[in-house]
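To keep things clear, I will list the structure first and then write my remarks on it.
Protein chains: 2
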Amino acid sequence: MPKPGNGAPTLLRRLRPARNLTDRAAADIAAEIRGGRLPPGARLPTEQEMMATLGVSRTVVREAVSALRAEGLVVTRQGSGAFVAADATRVPFRIDPEAMGTIADALNVMELRLAIEVEAAALAAERATPAQVGAVMGAHAAMAAAIAREDTAVNEDFLFHRAIASATANAQFPQFLEFLGRHVIPRQRVRAAIANPKEQREYLARIQREHLRIGQAIKGRDPADARKAMRAHLLNSITRYRRLAERDGPA
Amino acid sequence: MPKPGNGAPTLLRRLRPARNLTDRAAADIAAEIRGGRLPPGARLPTEQEMMATLGVSRTVVREAVSALRAEGLVVTRQGSGAFVAADATRVPFRIDPEAMGTIADALNVMELRLAIEVEAAALAAERATPAQVGAVMGAHAAMAAAIAREDTAVNEDFLFHRAIASATANAQFPQFLEFLGRHVIPRQRVRAAIANPKEQREYLARIQREHLRIGQAIKGRDPADARKAMRAHLLNSITRYRRLAERDGPA
DNA sequence: TTCCTCCGGTCATCGTACAAGTTGCCCAAC
DNA sequence: GTTGGGCAACTTGTACGATGACCGGAGGAA
Chain A
1 MPKPGNGAPT LLRRLRPARN LTDRAAADIA AEIRGGRLPP GARLPTEQEM
51 MATLGVSRTV VREAVSALRA EGLVVTRQGS GAFVAADATR VPFRIDPEAM
101 GTIADALNVM ELRLAIEVEA AALAAERATP AQVGAVMGAH AAMAAAIARE
151 DTAVNEDFLF HRAIASATAN AQFPQFLEFL GRHVIPRQRV RAAIANPKEQ
201 REYLARIQRE HLRIGQAIKG RDPADARKAM RAHLLNSITR YRRLAERDGP
251 A
Chain B
252 MPKPGNGAPT LLRRLRPARN LTDRAAADIA AEIRGGRLPP GARLPTEQEM
302 MATLGVSRTV VREAVSALRA EGLVVTRQGS GAFVAADATR VPFRIDPEAM
352 GTIADALNVM ELRLAIEVEA AALAAERATP AQVGAVMGAH AAMAAAIARE
402 DTAVNEDFLF HRAIASATAN AQFPQFLEFL GRHVIPRQRV RAAIANPKEQ
452 REYLARIQRE HLRIGQAIKG RDPADARKAM RAHLLNSITR YRRLAERDGP
502 A
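Right under this line is the structure:
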């Protein structure tokens with residue numbers, strides 16, 4: 001047994017995210033930057049120096065720097081050196097999935113989503129073209145159809161929300177909602193937790209009522225009502241999630 | 252003619268962001284993925300195949316893949332291959348600074364910020380600890396001091412907003428606001444555009460009045476009023492920016 | 001059938017070499 | 001002394017080859 005259990009199942013692999021030399025080197029350099037020891041505009045050590053400091057080959061150093069370049073943290077200039085990016089406008093917004101362990105983390109993301117969607121609903125009520133209003137109502141109908149065929153309707157649910165975000169005439173809203181949607185965890189799991197079919201039907205019917213109210217506010221060009229309806233809907237979602245989490249424990 | 256005019260001055264270099272072989276290779280592969288030709292979970296071509304297809308060395312291919320790995324788009328497994336990430340939870344949210352040319356783009360980001368901050372103000376009114384309320388009012392005082400010494404108070408302005416985001420008891424709000432703050436363009440430029448010192452003073456005084464109303468709503472634990480005050484403040488900002496942009500043309 | 005071993009393929013890391021670009025220094029010319 | 005050109009050293013960009021670590025399947029042994 002030359003190595004301590006590295007045949008671990010996928011689950012443990014996830015927790016220790018396969019840190020190879022490149023990742024570690026990139027993390028080390030990034031720490032120097034974020035820690036302020038390498039201020040914006042400062043020049044990084046040369047590849048040779050980093051090779052010596054980190055004890056790795058040039059390949060590893062270059063791949064690490066390449067990763068930081070993609071991240072927007074570093075810019076390189078041939079013949080001159082590598083520099084900490086002077087303006088951080090290229091550094092993206094991340095939500096680390098590893099740091100999303102607790103229920104509180106999930107609720108935090110849901111609150112962010114609420115903030116976005118409440119405003120999106122209002123903007124949609126103000127600006128949606130007739131076609132976009134049609135898309136919202138169509139998404140509502142599609143979800144009804146999914147429910148009718150005993151589906152969990154998870155995808156249709158999200159599509160309804162996305163239709164609203166798209167109706168804001170502001171591309172940032174659907175893009176950011178798409179991003180958050182990847183983190184607003186296990187809707188599947190939440191719904192799966194509702195074992196009782198009757199309970200499941202009532203749950204979906206309630207969502208549909210809430211959706212309908214939102215859609216009608218948008219169709220009726222009533223931003224204030226759209227805001228209120230969307231807020232109520234998402235607050236209910238948060239409450240439902242919190243209750244399920246308390247009942248079943250962290251998952 | 253081996254290379255078309257690449258002796259462009261630094262200014263032009265900025266516009267065409269220094270596309271070396273690695274960047275181009277990474278963009279090519281990323282396009283395959285985002286275009287759906289490489290669906291999630293699919294295996295990428297081997298390094299050898301990509302070398303042949305892209306006509307570059309292995310170094311370049313590896314650095315490109317390293318960049319995509321950092322981006323969360325690809326995961327590699329030694330001995331097995333490189334794969335399109337099955338779940339996109341690591342893919343971050345980006346606002347491409349290159350695509351932020353027009354006034355409309357800037358306004359879109361400001362609307363996103365409005366959505367976040369309106370909700371943040373309400374949450375702060377609900378949840379802020381006494382110390383956090385103190386921090387908000389302290390930020391307001393700091394801005395007053397900056398104005399008194401004829402400063403543009405750009406930083407103090409942002410610090411006030413950040414103090415509110417921090418008072419939400421939800422770390423996502425300050426983090427996301429920090430991110431957006433890097434894109435909410437040239438506040439410096441907007442303020443610099445106000446040449447007249449008297450006009451400048453009135454402008455800052457008005458902001459301070461708006462800030463004060465927000466701060467008092469938070470201190471008074473009135474979420475609805477905090478929402479209203481923050482919305483009014485940021486709508487004014489948007490209007491001011493739009494007016495300046497119309498007056499001075501796109502910058 | 002089940003288990004083990006082996007082997008080819010693949011990524012990970014290392015090392016070297018050269019090309020391309022930058023910077024500062026030296027030195028000649030004025 | 002100042003200025004300008006050009007050279008030299010240094011740094012990143014690209015290419016290539018070699019070896020190690022790891023995976024997955026083929027094939028053989030029990």
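These protein sequence lines are chains A and B, in that order.
Residues in the first sequence are numbered consecutively from 1, following our numbering.
Residues in the second sequence are numbered consecutively from 252, following our numbering.
Built from N, CA and C at the ideal position, the CB exists for glycine as well.
Just so it is clear, the structure is predicted and the values come from calculations on it, not from any experiment.
Distance, Gly323(B) Cα to Arg149(A) Cα: 36 Å
Supposed close pair Met137(A), Lys219(A) - CB separation, criterion 8 Å: Sure, about 7 Å apart at Cβ, within 8 Å.
Runs of alpha helix (DSSP H) wholly within the segment 335-400 of chain B (minimum 4 residues, chain order): Runs of the alpha helix (DSSP H) lying entirely within the segment 335-400 of chain B, each at least 4 residues long, are 354-378, 381-399 in chain order.
Inter-residue Cα distance where the pair is Ser308(B) and Ala25(A): When the Cα atoms are used, Ser308(B) and Ala25(A) turn out to be separated by approximately 23 Å.
Neighbourhood of Phe176(A) by C-beta distance below 7 Å, restricted to the same chain and skipping five residues each side: Ile116
Per-residue contacts from Phe344(B) into chain A (C-beta, under 7 Å): Pro92, Phe93, Phe176, Phe179
DSSP state of Gly181(A) mapped onto helix, strand, coil: helix
Bridge-paired residues (DSSP) for Gly332(B): Arg328(B)
Residue(s) in a DSSP beta bridge with Arg294(B): Phe334(B)
For Gly215(A), the first and last residue of its enclosing alpha helix (DSSP H): Per DSSP, Gly215(A) is one residue of the alpha helix (DSSP H) stretching across 197-219.
Leu374(B) at chain A interface by Cβ criterion, 9 Å: Leu374(B) belongs to the set of residues whose beta carbon lies under 9 Å from a beta carbon in chain A.
N-terminal and C-terminal residue of the alpha helix (DSSP H) that Leu319(B) is part of: If you look at Leu319(B), you'll find it in the alpha helix (DSSP H) that goes 309-322.
Closest by C-alpha distance to Ala371(B), when choosing among Ala121(A), Ala122(A), Leu112(A): Leu112(A)
Any chain A beta carbon closer than 9 Å to Leu295(B): False, the Cβ-Cβ gap to chain A never drops below 9 Å.
For Ala456(B) and Asn271(B), the rounded distance between their alpha carbons: 49 Å
Whole-angstrom distance between Ala397(B) and Thr403(B), CA atom to CA atom: C-alpha separation (whole angstroms): 7 Å.
Tyr492(B) versus Pro343(B): straight-line alpha-carbon distance, rounded: 28 Å
Cutoff 9 Å: Arg285(B) Cβ touching any chain A Cβ: Judged by the 9 Å Cβ criterion, Arg285(B) is not in contact with chain A.
Whether Ala135(A) touches Ala167(A) by CB criterion (9 Å): yes
Nearest-angstrom beta carbon gap, Ile489(B) and Leu358(B) [assumed within contact, 8 Å]: Their Cβ separation, rounded to whole angstroms, is 6 Å, which keeps Leu358(B) and Ile489(B) in contact under 8 Å.
The segment 64-90 of chain A: positions lying closer than 9 Å to chain B by Cβ: Ala64, Val65, Ser66, Ala67, Leu68, Arg69, Ala70, Glu71, Gly72, Val75, Thr76, Arg77, Gln78, Asp87, Ala88, Thr89, Arg90
Coil, strand or helix - Asn421(B) by DSSP: coil
Alpha-carbon to alpha-carbon, Arg62(A) and Leu15(A): Low per-residue confidence applies at Leu15(A): pLDDT is 44, beneath 50, and the placement is therefore not dependable, though the value from the model is reported in the following sentence. Their backbone Cα atoms lie some 26 Å apart in a straight line.
C-alpha gap between Phe424(B) and Ile280(B), whole angstroms: Approximately 33 Å between the Cα atoms of the pair.
Interface flag, Pro253(B) vs chain A, CB-CB below 9 Å: Confidence in Pro253(B) is poor, its pLDDT being 33 and thus under 50, which makes the residue's placement too unreliable to answer from.
Under the three-state DSSP convention, the category Ala153(A) falls into: Here Ala153(A) sits in coil by DSSP.
Neighbourhood of Ala169(A) by C-beta, 6 Å cutoff - its chain only, sequence neighbours within 5 removed: Arg127
Residue-level contact to chain B via CB, Thr129(A), 9 Å cutoff: no
Classification of Thr353(B) by the beta-carbon crowding that lies within 10 angstroms, buried from 16 upward: exposed
Neighbourhood of Phe158(A) by C-beta, 7 Å cutoff - its chain only, sequence neighbours within 5 removed: Excluding five sequence positions before and after Phe158(A), the CB atoms of its chain that fall closer than 7 Å to its own CB belong to Gly181, given in chain order.
Below-9 Å beta-carbon distance, Asn487(B) vs any chain A residue: no
Contact with chain B by Leu54(A), beta-carbon distance below 9 Å: no
Same chain, Cβ closer than 7 Å to Gly5(A), neighbours up to 5 away in sequence not counted: Residue placement at Gly5(A) is flagged as unreliable, the pLDDT there being 33, under the threshold of 50; a coordinate-derived value is accordingly withheld.
Interface residues of chain B facing Val61(A) [CB-CB closer than 7 Å]: What Val61(A) touches in chain B: nothing, since even the nearest Cβ is about 11 Å away.
Among Val384(B), Leu305(B), Ala282(B), the one whose alpha carbon lies nearest that of Leu463(B): If you compare the alpha carbons of Val384(B), Leu305(B), Ala282(B) with that of Leu463(B), the shortest gap goes to Val384(B).
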